[in-house]
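To start, the structure under review is shown below, and the notes come after it.
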Amino acid sequence: MEKQKFRCNVCKGLFKHDSVIELDHIIPQVGGGTDKADSRQVLHRHCHDTKTRTDGSLDQRQHTKKKGLIAKDIKAIHALSVT
Ligand SMILES: [Zn+2]
0 MEKQKFRCNV CKGLFKHDSV IELDHIIPQV GGGTDKADSR QVLHRHCHDT KTRTDGSLDQ
60 RQHTKKKGLI AKDIKAIHAL SVT
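When the letters of the sequence shown are read in order and numbered with numbering that gives the first Met the number 0, they come out as residues 0 to 82.
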């Protein structure tokens, strides 16, 4: 998370205070990725949607149940990302 410096890895834009962001698996688990913290990144929801459509993880169940997080809840996201 800190490595990203609060930037989206897709569009490279900074997260705004009210941006809707989501945790993403850099390598989809269906493609052999793991669920460890260093395999995750944080993206804008709309950027995540774009990536999900192109990385083959569209059918992954967790993407459908995942809900967006607001950037101001960044501590909660960090807690998720280090768990
Ligand atoms: Zn983005």
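For each residue, glycine too, the CB sits at the ideal point set by N, CA and C.
Cross-strand partners of residue i (DSSP beta bridge)
i	result
ILE20	HIS43 and LEU68
LYS6	Looking at the sequence itself, residue 6 is Arg, so the reference to Lys does not match. The partner list for ARG6 (beta bridge, DSSP) reads LEU13.
Alpha-carbon to alpha-carbon, residue j and residue i
i	j	result
ARG60	LYS50	With a pLDDT of only 47 at ARG60, under 50, the local geometry of the prediction cannot be trusted, and no value is derived from it.
LEU13	THR53	22 angstroms
CYS7	LEU22	11 angstroms
SER18	ARG39	18 angstroms
LYS15	HIS43	10 angstroms
CYS46	CYS10	7 angstroms
LEU68	ILE20	5 angstroms
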